[in-house]
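Those protein sequence lines, which keep their order, are chains G and W. If you read the first sequence in my numbering, its first letter stands for residue 51, the second for the next number, and so on. If you read the second sequence in my numbering, its first letter stands for residue 3, the second for the next number, and so on. Have a look at the structure below, then the notes.
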Amino acid sequence: MARKAEDSTKDYPALGRKLLWLDNMKNVNRIVYGLYGLCAVLFLADFFYKKKTYVAIENFPGFYALYGFVMCAALVICARGMRIFLMRDEKYYAPKDVESEPFPESDMERETVHD
Amino acid sequence: MTEYFPPFLVYVIGAIVLPFLPNDGRRASLLLVVPLIGASMIWSMPEGMHGLMVLAGVEMNFLRVDKLSTIFGLVFSLAAFLSLLYAWHVRDTIQQVATLLYAGSAIGAVFAGDLGSLFIFWEGTAIASVFLIWARRTEGAYHTGMRYLIIQIASGVILLAGAVLFYRDTGSLAFEKMTLGSLGTWLIFLAFGIKCAFPLLHNWLQDSYPAATVTGTVILSSFTTKLAVYALARGFPGTEMLIYIGATMTLFPIFYAVIENDLRRVLAYSLNNQLGFMVVGIGIGTELSLNGTAAHAFAHILYKSLLFMSVGAVLFRTGTAKGSELGGLYRTMPLTMIFCVIGAASISAFPLFSGFVTKSLILSDAAHEGYYIVWGILLFASAGVFHHSGIKIPYFAFFAHDSGLRPKEAPKHMLWAMGITAFLCVAIGVYPEPLYALLPYEVEYVPYTTTHVITQLQLLFFSALAFTVLMRTGIYPPELKSVNLDFDWTYRKLFPAILRHAANFVSTVMAAGSHFIRRKRETVIRGLYQSHGPEGRMAKVWPTGSMVLWIAIILSATLIVNFF
C-alpha cells in the first residue's frame, strides 16, 4: 500500500481534503505560533485572578505552567536515556511474541482510498 | 433462591443461544441486545441482597446490589455494548462467545456478595478473555496468551487460598471491607493486585493487550483491570499502602509509554497509569476520593475504549499499529482522527472532556488530605499522560511524517461505535451531574472553577509546548522498531537463563562426580584384583619349606619372649 504515483486527492473523503491545508508547513508554523501565544496568555492569566489553593507551592505564579513544561521535558529526556539500557531488537522475544510477526490478514480489511 | 434474575445469566444464555443463530447480522444483533437487557435489569434492581443461597453449608450471595456495584455493572454493560458494536463485522464464533462470557463474568463479579462467588467469576474473566488473544491465531499470540492465562489463573488461585484462610479465621466468606493483617487478607490483596497491574505485577497487561485481535483489545481494555479496581474499592478502601502503590503506578508507565513504538502498547502503559489514579483514590478512602475512583473508572472505560478503537481502526485498515510505520493518516481517516483526538483530550483531562470532571476528584482529595508528594506525582503523571496519550498517539498515527499510507476511513459500524463513545466522553465532561448522581456517595464537588480550569489549561498547554519544542529541536526520541525491556524480562529471559545455567552446572558437576567415583572404583577394583586376583600375592601357593622356616622363627621369638 505504498503511496501511489497517481495519488490523487479526489479519492480522499471531503473532510480529509479540507484538512489538507495542514500539508503546508506555513500553516503548521501558524499553529505552533498560536500555541506559543496561548501559552503566554495562560501564564499571564495567573496574575489576574484570585487562585484558590490547597498547597503552598500552587501560589507561585505560573506554577502549573512551569511544572508542566519542566516535568514533561525531564520525562522525555529520561525516557530517551532509558532507551540506552532497555531498547532491544524487535525480534528479541521472537517467536514467543507478536512484536515481529505480521498482523494476520484475516483480522483486517486492508483497503485504500484508491480501491 | 433469588427474587431477581442475575444479569450475568443473560450473558450466559446469550452465549449458549448464539452458536445456533445464522452467523450474520442476526447474530451480531443478538450480541448487541444482550448488554442492553443486562443494563436494564441492573438499572431496575433495588439495593439489597437478592441472590442468597446456601451451598455446602456456606452462605453465598450472587446479587449484592448497592451503588458501588451498580455503577460498575452499568459501565461494564455500556462497554460491552460499544465494543460489540465496534465488533459488528466479526464472524468468529469463538470471539463472540468469549466476549459475552467475559463481560458476563465481569458483571457477575461486581455483584458477587461473597468471596466464593467472586472467585468463580474472577476465574471466568480469566478463561473467557484469553480466547480474545488466541483468536489472533499466530504462534506469538499463542505464547502470549499462555503467559496471560498463567498469571490470571494464578491470581484466581491466590484469591481462593486467601478466601479459604479468611473463612477459617472469621467463619464468614462475606466480601466486605477488610483490614490487612492475616495471611488470608494479604493473599486476597495480592490476588486483586495482580489483576490491577500493581508495579512489578503489571507486565501481563502490556504483554497481552497489544497481542489480541483488533476488537479483542478494545474488549479486554474495559473489564479485567476495572474489576480489580472495584474489588479493591470494595475490600480495601482506606488502606494507606494503596496510595503509594497507586502513585508508583501513575509514574513509571509514562516513561515506557514515551519510548514504546507499538501504539496499542503505549495505550496499555497509559491504562496502567490511569489505574494508578484510581488506586490512589481507594487508598485515601474518603467519600470524595472513592467517588473519584468510581467516576474515573467510568470515564476511563469510555475514553480508553475510544482510544483503543481508533488505533484498532488504523490497524484494521493498514495492518500495523506501530508509530514507526504510521503517520499522515488524517488525510484519509479524518473521522477516526477526530474521535482519537476526543479520546486523547478526555484522558488528558481537558476542560469539557470527561477526564477533567473525574480525575480532579482524586487529585483535589490528595491535596486536601495532605498527601503533597503524592499530589505532586499525580500532577506530573497528569502532564505525562497528556504527553504520551494525548499528543503522541494522535500525532504519530495521524500526523507526523507522511507514511504514504492512504487507508480508507474505518467501516461505518466502527465509526458509529467511536462516535457514540466520543459523544459520551464530551457529554460527561460538559454535564457531569448524571454521572455524579450514580456515584456511591453524595457529591458536593464543583469541577468548573476559574482556578481549576486555568491551572489545568496551563499544565496541559505547557506540556504541549514542551512536546513541540522537543520535537522541533530533534530531542524527542523518534519512533523506532524495537522492544523495550520491562520487568517481564525477568521471567521471560532471566529466570529461564538462570534455570538453564543452573541445569548445565548441576549436570556438569554430576558428570564430573560420577566420573571421579568411577575412576576411584576402578582403582580399588584393580588394586583388589592385584592382591587377591589369581595372580595376586594373597592367592599365591606358598612352598612348605618357607612355612616351616616361618614357624621356626615364630617359635624362637616366643621362646625368647618367655625366657625374659
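Ideal placement from N, C-alpha and C gives every residue a C-beta, glycine not left out.
Those residues which DSSP pairs with residue i across a bridge
i	result
W/Lys-324	W/Asp-264
W/Glu-61	W/Val-56
W/Asn-486	G/Met-137
W/Asp-116	W/Ala-176
W/Val-67	W/Gly-50
G/Thr-162	W/Pro-409
C-beta atoms of residue i and residue j nearer than 7 Å
i	j	result
W/Val-67	W/Val-36	no
W/Ala-259	W/His-390	yes
W/Leu-32	W/Ala-108	no
W/Thr-334	W/Ala-315	no
W/Val-376	W/Ala-249	yes
W/Ile-303	W/Ala-89	no
W/Ser-110	W/Phe-123	The question names Ser, but residue 110 of chain W is Gly in the sequence shown. In contact: W/Gly-110 and W/Phe-123 (Cβ atoms closer than 7 Å).
W/Asp-490	W/Asn-205	yes
W/Phe-74	W/Leu-120	no
W/Tyr-104	W/Thr-127	yes
W/Ser-356	W/Cys-427	yes
G/Val-82	W/Thr-181	no
W/Ser-484	G/Glu-151	no
W/Thr-320	W/Pro-201	no
W/Gly-392	W/Ala-323	no
G/Gly-118	G/Phe-93	no
W/Met-62	W/Met-51	no
W/Ala-369	G/Tyr-62	no
W/Pro-151	W/Ala-100	The sequence as given places Leu at residue 151 of chain W; Pro does not occur at that position. Contact: no.
G/Lys-101	W/Thr-453	yes
G/Cys-89	W/Phe-7	no
W/Leu-65	W/Phe-10	no
W/Ile-261	G/Ala-129	yes
W/Phe-238	W/Leu-331	no
Contacts around residue i, its chain only, beta-carbon distance under 6 Å, and the 5 residues preceding and following it disregarded
i	result
G/Arg-53	Reliability fails at G/Arg-53, whose pLDDT of 48 lies under 50, so the model's placement of it is uncertain and the value that follows must be treated cautiously. Same-chain partners within the cutoff: there are none.
W/Gly-278	Gly-248, Met-251 and Thr-252
W/Gly-195	Leu-203
W/Ile-153	Trp-206
W/Gly-40	Pro-9, Val-12 and Ser-79
W/Leu-440	Ile-73
Distance between beta carbons of residue j and residue i, contact taken as under 8 Å
i	j	result
W/Ser-326	W/Leu-482	6 Å
W/Val-359	W/Ser-272	About 19 Å separates the two Cβ atoms, so there is no contact after all.
W/Ser-224	W/Tyr-211	Not really, about 11 Å apart at Cβ, beyond 8 Å.
W/Leu-308	W/Ala-429	Not a contact, Cβ separation roughly 13 Å.
W/Phe-318	G/Met-158	5 Å
G/Met-132	W/Phe-257	6 Å
G/Leu-136	W/Asn-263	Contact flag wrong, Cβ pair sits at about 12 Å.
W/Thr-288	W/Glu-411	Incorrect: roughly 46 Å between the Cβ atoms, too far for contact.
W/Thr-187	W/Gly-173	With a Cβ gap of about 15 Å, W/Thr-187 and W/Gly-173 do not count as contacting.
W/Pro-442	W/Leu-70	5 Å
W/Thr-217	W/Val-92	6 Å
Contact list for residue i against chain W, beta-carbon separation under 7 Å
i	result
G/Lys-102	Thr-451 and Thr-453
G/Pro-145	Glu-141 and Gly-142
G/Met-75	The contacting residues do not exist; G/Met-75 stays about 12 Å from chain W at best.
Proximal residues of chain G, C-beta to C-beta of residue i below 7 Å
i	result
W/Glu-411	Pro-63
W/Thr-181	Chain G residues near W/Thr-181: none, gap ~29 Å exceeds 7 Å.
Contacts of residue i in chain W (Cβ-Cβ under 8 Å)
i	result
G/Leu-70	Arg-333
G/Pro-154	Arg-138, Arg-139 and Thr-140
G/Tyr-168	With chain G running from 51 to 165 in the structure shown, residue 168 of chain G is simply not present.
Any non-hydrogen atom of the ligand MN within 6 Å of residue i CB
i	result
W/His-517	No copy of the ligand MN appears in this structure; indeed no ligand is present at all.
Contacts around residue i, its chain only, beta-carbon distance under 7 Å, and the 5 residues preceding and following it disregarded
i	result
W/Arg-539	Ser-533
W/Ile-96	Phe-133 and Ala-137
W/Ala-30	Trp-90
W/Leu-34	Phe-83, Leu-86 and Leu-87
W/Trp-418	Leu-87
W/Ile-477	none
C-beta neighbour in chain B for residue i, strict 7 Å
i	result
W/Tyr-374	This model lacks chain B altogether, as its protein chains are G and W.
Contacts of residue i in chain G (Cβ-Cβ under 8 Å)
i	result
W/Asn-486	Met-132, Arg-133, Leu-136, Met-137 and Arg-138
W/Ile-261	Ala-129, Arg-130, Met-132, Arg-133, Leu-136 and Met-137
W/Arg-1	Given a span of 3 to 566 for chain W in the structure shown, any question on residue 1 of chain W remains unanswerable.
W/Thr-146	Lys-146, Asp-147 and Val-148
W/Phe-257	Leu-125, Cys-128, Ala-129 and Met-132
Own chain partners of residue i with C-beta closer than 8 Å, once the 5 adjacent residues on each side are dropped
i	result
W/Val-432	Leu-354
W/Val-231	Cys-198, Leu-277, Met-280, Val-281, Ile-284, Thr-295 and Ala-299
W/Phe-398	Leu-265, Gly-325, Leu-328, Gly-329 and Glu-481
W/Leu-161	Leu-117, Leu-120, Phe-121, Trp-124, Leu-189, Ile-190, Ala-193 and Phe-194
W/Pro-21	Thr-95 and Val-99
Partners in chain G for residue i, counting only beta-carbon separations shorter than 9 Å
i	result
W/Arg-479	Before going further, note that residue 479 of chain W is Pro rather than Arg in the sequence given. Within chain G, the residues near W/Pro-479 are Val-126, Ala-129, Arg-130 and Arg-133.
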